[in-house]
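Asker: Chains as they are written, first to last, in the working numbering: chain A, 505 to 728; chain B, 12 to 482.
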Ligand SMILES: Nc1ncnc2c1ncn2[C@@H]1O[C@H](COP(=O)(O)OP(=O)(O)OP(=O)(O)O)[C@@H](O)[C@H]1O
Ligand SMILES: [Mg+2]
């Protein structure tokens with residue numbers, strides 16, 4: 505599914521160059537549930553942004569389903585993010601003036617689905633992640649943090665992506681809710697054979713994944 | 012479609028800002044449409060003025076504008092060959108005289124015909140005028156023969172203009188419509204007259220009645236409405252040969268009007284006539300006159316054109332800046348859209364829908380403004396530019412003055428055009444039609460496109476990775 509080779513990302517912050525990703529290589533199989541752990545500032549988000557084609561690496565390559573991201577045009581990258589990828593952000597990043605339903609419908613709109621289809625599917629996934637009833641017509645501001653993260657996950661799932669990248673999806677939630685969200689993701693990876701990479705601080709969560717990648721100062725230190 | 016609806020809704024996300032922007036845009040669009048309306052009205056007026064003038068060339072002896080004595084005059088034999096000039100269809104000749112009325116003993120400045128010692132008529136003045144007002148309108152042509160007294164008599168009778176003409180249907184380029192009676196034939200040498208309705212009512216004259224002038228009884232054959240014939244409001248029209256012989260000016264004319272088959276041939280015929288008659292004769296055509304008279308309107312046209320362009324650019328800049336601010340405020344949202352797979356085009360079209368909504372609302376306000384302000388603004392522009400442009404123009408003065416020129420033979424203006432124009436030129440009426448709405452929509456499109464360019468600039472620069480960091 506995913507082949508990462510000698511991936512580096514340098515940030516030039518004035519005097520010295522910071523290697524937020526330093527010569528990282530690893531492969532991920534289809535349907536694998538992988539956790540990415542490391543201290544704050546170790547480079548987890550950096551790696552996910554590169555995998556999501558939201559940022560460009562300084563060197564190295566990322567091959568998804570046999571396709572090198574570096575060789576894709578801007579248009580193709582838009583399609584990659586839209587159809588192949590689901591991204592879950594630590595702080596949800598829902599569009600504030602759209603309802604839960606409208607937020608979950610957005611990726612399908614970009615994929616070109618008809619309105620009815622979008623609505624039907626969005627309602628279905630929202631229900632799957634536990635958002636139903638009048639909540640689907642509320643704006644994010646009127647949902648709890650856990651509910652917002654569920655909507656964000658529903659949005660990430662909208663176009664049935666093969667790869668889900670989740671950057672600390674439970675970081676802003678209490679441990680109880682965090683656990684529920686995590687279990688939701690895990691179930692998905694099983695039922696839909698979706699490949700999931702989750703960045704997390706939480707070793708308890710990491711322990712429950714198929715595989716744990718540990719990052720220290722931008723370098724991949726452990727893979728088990 | 013969904014992104015357009017989102018853009019439409021986003022236009023109302025910030026209520027106060029929406030209202031402010033709509034008002035500012037509305038004023039700018041309203042101003043530009045008002046200017047367009049003014050421009051259109053003036054344009055219509057200009058073509059109306061030009062087409063009302065017709066295809067004529069006027070001929071007058073040189074120096075008719077000065078109030079010194081004029082010794083040279085035109086003669087019938089001089090003009091005889093003009094009809095042979097290509098494209099000339101008719102030659103109308105007139106001989107104009109001013110006669111005092113009987114019984115006005117206290118009037119020392121009414122004009123006497125120099126060529127005829129018995130230049131009196133039995134007509135009383137058709138209109139009593141407040142002399143003071145007309146003195147100023149006359150544009151400097153008036154002065155008093157006595158020289159000593161500067162007091163203005165309040166009880167003043169107008170001198171009567173007698174016009175001998177070779178064509179009673181068209182006097183000095185102004186076609187004459189009769190209210191009653193008939194025209195006389197061009198070759199007539201009977202003592203017939205067509206008089207104005209004012210004169211008829213003041214003197215109790217009807218078709219068939221007679222009055223005395225040059226000690227001869229003239230029979231009224233027709234009456235025309237004074238109100239419709241401004242320059243001829245105070246005149247009696249008689250056959251040319253009759254006027255020539257009674258005033259002792261056989262073979263003389265004071266003016267001629269040459270009719271040309273097409274307006275396109277006016278200037279060539281004008282120069283041909285000038286060549287034929289020499290430099291002692293003023294040969295002018297109506298187009299030149301019209302151009303002079305409408306020149307202030309042309310300046311209104313120019314002003315309004317620049318205003319239109321300026322207002323549209325201003326509107327474009329307003330929406331451009333607004334949308335740049337809005338887009339910058341929503342950088343994060345744009346980053347999210349990009350991160351979840353939206354193309355730049357999708358996002359730009361959403362913002363374009365937002366700016367178009369604002370602009371359209373602005374256009375509605377603008378159209379309301381134009382409905383309220385279109386006509387007053389047009390009138391304001393026209394009156395301001397015409398007062399600056401035409402007061403003191405010699406051609407108007409000659410037509411407006413009626414008392415001056417002590418001693419010299421008075422040659423009145425050859426043509427009514429100037430006077431007619433003068434009274435009408437400021438009477439420009441703006442009409443707000445569907446085309447204004449069309450222009451409004453065009454303005455909206457232009458402004459929206461400018462706005463969208465600004466949005467696109469911001470959007471293309473937003474990088475999702477950066478946005479995801481700023482927490
Ligand atoms: N745009 C940037 N310019 C310069 N340095 C940056 C930039 N973005 C990240 N960094 C640095 O790169 C390093 C890795 O950051 P990153 O956000 O990937 O860490 P992280 O593991 O996700 O941390 P956390 O757990 O706190 O989210 C950090 O030292 C950070 O300061
Ligand atoms: Mg991070």
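For glycine and all other residues, C-beta sits at the position ideal for the given N, C-alpha and C. Everything numeric in this text was worked out from a predicted model, so none of it was measured.
If we count Cβ pairs, one from each stretch, closer than 8 Å, do we get three or more for the segment 220-227 of chain B versus the segment 274-293 of chain B?
Answerer: In short, these stretches do not touch, since the Cβ pair count stays below three.
Asker: How would you call residue 341 (chain B), buried or exposed, if buried means at least 16 neighbouring beta carbons within 10 angstroms?
Answerer: In the second chain, the residue the question calls residue 341 (chain B) occupies position 330. Classification of residue 341 (chain B): buried, given that the 10 Å Cβ count is 16 or more.
Asker: Looking at chain D, is there any beta carbon in it that lies within less than 8 Å of the beta carbon of residue 561 (chain A)?
Answerer: Among the protein chains in the structure shown, which are A and B, there is no chain D.
Asker: Distance cutoff 8 Å, beta carbons only. Does residue 400 (chain B) sit that close to anything in chain A?
Answerer: Here residue 400 (chain B) refers to the residue found at position 389 of the second chain. Low per-residue confidence applies at residue 400 (chain B): pLDDT is 38, beneath 50, and the placement is therefore not dependable, though the value from the model is reported in the following sentence. No, its Cβ sits nowhere closer than 8 Å to a Cβ of chain A.
Asker: For residue 475 (chain B), which residues in chain A fall below 7 Å Cβ to Cβ?
Answerer: On the second chain, position 464 is the one that residue 475 (chain B) refers to. Here the neighbours are 558.
Asker: Compare the C-beta of residue 351 (chain B) against all C-beta atoms of chain A and say whether one is closer than 8 Å.
Answerer: Position 340 of the second chain, counting from 1, holds the residue named residue 351 (chain B). Chain A, which has a Cβ nearer than 8 Å to the Cβ of residue 351 (chain B), makes this yes.
Asker: Taking C-beta to C-beta, are residue 601 (chain A) and residue 643 (chain A) nearer than 8 Å?
Answerer: Walking along the first chain from the start, residue 601 (chain A) turns up at place 97. Walking along the first chain from the start, residue 643 (chain A) turns up at place 139. Their beta carbons are under 8 Å apart, which means residue 601 (chain A) touches residue 643 (chain A) by this criterion.
Asker: Which residue comes first and which comes last in the alpha helix (DSSP H) that contains residue 665 (chain A)?
Answerer: As a position in the first chain, residue 665 (chain A) is number 161, starting the count at 1. It is not in any alpha helix (DSSP H) - residue 665 (chain A) carries neither H nor E in the DSSP assignment.
Asker: Let me confirm a value: residue 25 (chain B) is counted as buried when at least 16 other C-beta atoms fall within 10 Å, else exposed. Which label applies?
Answerer: Position 14 of the second chain, counted from the start, is the residue given in the question as residue 25 (chain B). Exposed, because fewer than 16 other Cβ atoms sit within 10 Å of the Cβ of residue 25 (chain B).
Asker: In chain B, which residues lie with their C-beta within 7 Å of the C-beta of residue 625 (chain A)?
Answerer: Taking the first chain and counting its residues from 1, one reaches residue 625 (chain A) at position 121. Those do not exist, as residue 625 (chain A) stays about 14 Å from chain B at its closest Cβ, beyond 7 Å.
Asker: Checking 8 Å against the spacing of the C-beta atoms, do residue 669 (chain A) and residue 556 (chain A) come in under that value?
Answerer: As a first step, residue 669 (chain A) must be located in the first chain, where it is residue number 165. As a first step, residue 556 (chain A) must be located in the first chain, where it is residue number 52. Yes, Cβ-Cβ distance for residue 669 (chain A) and residue 556 (chain A) is below 8 Å.
Asker: Could you tell me which of B:59, B:178, B:67, B:187 sits nearest to residue 105 (chain B), measuring between CA atoms?
Answerer: As a working note, residue 105 (chain B) is residue 94 in the second chain. Looking at the Cα atoms, B:178 is the closest of the given residues.
Asker: Go through the residues and name those whose CB comes closer than 6 Å to any heavy atom of ligand 2, in chain order.
Answerer: Those residues are A:548, A:549, A:671, given in chain order.
Asker: Does the Cβ-Cβ distance between residue 626 (chain A) and residue 615 (chain A) come in under 8 Å?
Answerer: Mapped onto the first chain, residue 626 (chain A) falls at position 122. Mapped onto the first chain, residue 615 (chain A) falls at position 111. In this structure, residue 615 (chain A) does not lie closer than 8 Å to residue 626 (chain A) by Cβ.
Asker: At a cut of 8 Å, does the segment 537-549 of chain A reach the segment 562-578 of chain A through at least three beta carbon pairs?
Answerer: The segment 537-549 of chain A vs the segment 562-578 of chain A: no contact.
Asker: Between residue 366 (chain B) and chain A, is the shortest Cβ-Cβ distance under 8 Å, so that the two count as touching?
Answerer: The residue you call residue 366 (chain B) lines up with position 355 of the second chain. By this cut-off, residue 366 (chain B) is not an interface position.
Asker: Establish whether the CB of residue 468 (chain A) and some CB of chain B are separated by less than 8 Å.
Answerer: Given that chain A is displayed from residue 505 to residue 728, the structure contains no residue 468 (chain A) and the question cannot be resolved.
Asker: Excluding the five sequence neighbours on either side, which residues of its own chain have a C-beta within less than 8 Å of the C-beta of residue 159 (chain B), listed in chain order?
Answerer: As a working mapping, residue 159 (chain B) is identified with position 148 in the second chain. Unreliable positioning characterises residue 159 (chain B) in this predicted model, as indicated by a pLDDT of 41, which lies under 50. The coordinate reading is nonetheless provided below. Closer than 8 Å at the Cβ level, and outside the excluded window around residue 159 (chain B), lies no residue.
Asker: Residue 658 (chain A): which of A:721, A:719, A:711, A:593 sits nearest, CA to CA?
Answerer: The count along the first chain starts at 1 and reaches residue 658 (chain A) at position 154. The option with the nearest alpha carbon to residue 658 (chain A) is A:593.
Asker: Please confirm whether residue 387 (chain B) and residue 558 (chain A) have their CB atoms less than 8 Å apart.
Answerer: Along the second chain, read from residue 1 onward, the residue named residue 387 (chain B) stands at position 376. Along the first chain, read from residue 1 onward, the residue named residue 558 (chain A) stands at position 54. No. Outside cutoff.
Asker: Any idea which residues DSSP pairs residue 189 (chain B) with across the strands?
Answerer: Numbered from its first residue, the second chain carries residue 189 (chain B) at position 178. Residue 189 (chain B) pairs with B:235.
Asker: Within 10 angstroms of the Cβ of residue 97 (chain B), are there 16 or more other Cβ atoms? Answer buried if so, exposed if not.
Answerer: The sequence position of residue 97 (chain B) within the second chain is 86, counting from 1. By the neighbour-count rule (16 or more Cβ atoms within 10 Å), residue 97 (chain B) is not buried but exposed.
Asker: Can at least three beta-carbon pairs, one atom from the segment 696-707 of chain A and one from the segment 672-686 of chain A, be found at a separation below 8 Å?
Answerer: Yes, since at least three Cβ pairs between the segment 696-707 of chain A and the segment 672-686 of chain A fall closer than 8 Å, the two stretches touch.
Asker: Extract the residue ranges of the alpha helix (DSSP H) inside the segment 334-390 of chain B, only unbroken runs of 4 or more that lie entirely within it.
Answerer: Listed in chain order, the complete alpha helix (DSSP H) runs (minimum 4 residues) inside the segment 334-390 of chain B are 342-350.
Asker: Give me the Cα-Cα distance between residue 143 (chain B) and residue 243 (chain B), rounded to the nearest whole angstrom.
Answerer: Along the second chain, one-based indexing puts residue 143 (chain B) at 132. Along the second chain, one-based indexing puts residue 243 (chain B) at 232. The pLDDT assigned to residue 143 (chain B) is 33, lower than 50, so where the model puts this residue is not dependable; a value taken from the coordinates is nonetheless given after this. Their Cα atoms are separated by approximately 21 Å.
Asker: Does residue 344 (chain B) pass the burial test, meaning 16 or more other C-beta atoms within 10 Å, or should it be called exposed?
Answerer: Residue numbering aside, residue 344 (chain B) sits at position 333 when the second chain is read from its first letter. Buried, since its Cβ has 16 or more Cβ neighbours within 10 Å.
Asker: If we define contact as Cβ-Cβ less than 8 Å, is residue 334 (chain B) a contact residue for chain A?
Answerer: The count along the second chain starts at 1 and reaches residue 334 (chain B) at position 323. For residue 334 (chain B), the answer is no, since every Cβ of chain A falls outside 8 Å of its Cβ.
Asker: Assign residue 445 (chain A) to one of three DSSP states: helix, strand, or coil.
Answerer: Shown here, chain A extends from 505 to 728; a query on residue 445 (chain A) therefore has no answer.
Asker: Ligand 1 heavy atoms versus the CB of residue 524 (chain A): any closer than 7 Å?
Answerer: Within the first chain, residue 524 (chain A) is the residue found at index 20, counting from 1. The answer is yes for residue 524 (chain A).
Asker: Taking only beta-carbon atoms, is residue 347 (chain B) less than 8 Å away from chain A?
Answerer: Working through the second chain from its first residue, we reach residue 347 (chain B) at position 336. Residue 347 (chain B) counts as touching chain A.
Asker: Per DSSP, which residues does residue 175 (chain B) bridge with? Please list them.
Answerer: In the second chain, the residue the question calls residue 175 (chain B) occupies position 164. Residue 175 (chain B) pairs with B:106, B:249.
Asker: Are any of the Cβ atoms in chain B nearer than 8 Å to that of residue 582 (chain A)?
Answerer: Locating residue 582 (chain A) in the first chain gives position 78, counting from the first residue. For residue 582 (chain A), the answer is yes, since a Cβ of chain B falls inside 8 Å of its Cβ.
Asker: Skipping 5 residues on each side, what residues in its chain have a beta carbon closer than 6 Å to that of residue 425 (chain B)?
Answerer: Your numbering for residue 425 (chain B) matches position 414 in the second chain. At residue 425 (chain B) the pLDDT is 35, less than 50, meaning the model places this residue with poor confidence; the figure from the coordinates comes in the next sentence. 69, 71, 183, 266, listed in sequence order.
Asker: Give the DSSP-derived three-state secondary structure of residue 704 (chain A) in the structure shown.
Answerer: Along the first chain, read from residue 1 onward, the residue named residue 704 (chain A) stands at position 200. Strand at residue 704 (chain A).
Asker: Taking the alpha carbon of residue 263 (chain B) as the point to measure from, which residue in B:271, B:252, B:273 has its own alpha carbon closest?
Answerer: Against the second chain, residue 263 (chain B) aligns to sequence position 252. Among B:271, B:252, B:273, the Cα nearest to that of residue 263 (chain B) is on B:252.
Asker: State buried or exposed for residue 619 (chain A), treating a residue as buried only when at least 16 other CB atoms are found within 10 Å of its CB.
Answerer: Locating residue 619 (chain A) in the first chain gives position 115, counting from the first residue. That one is exposed.
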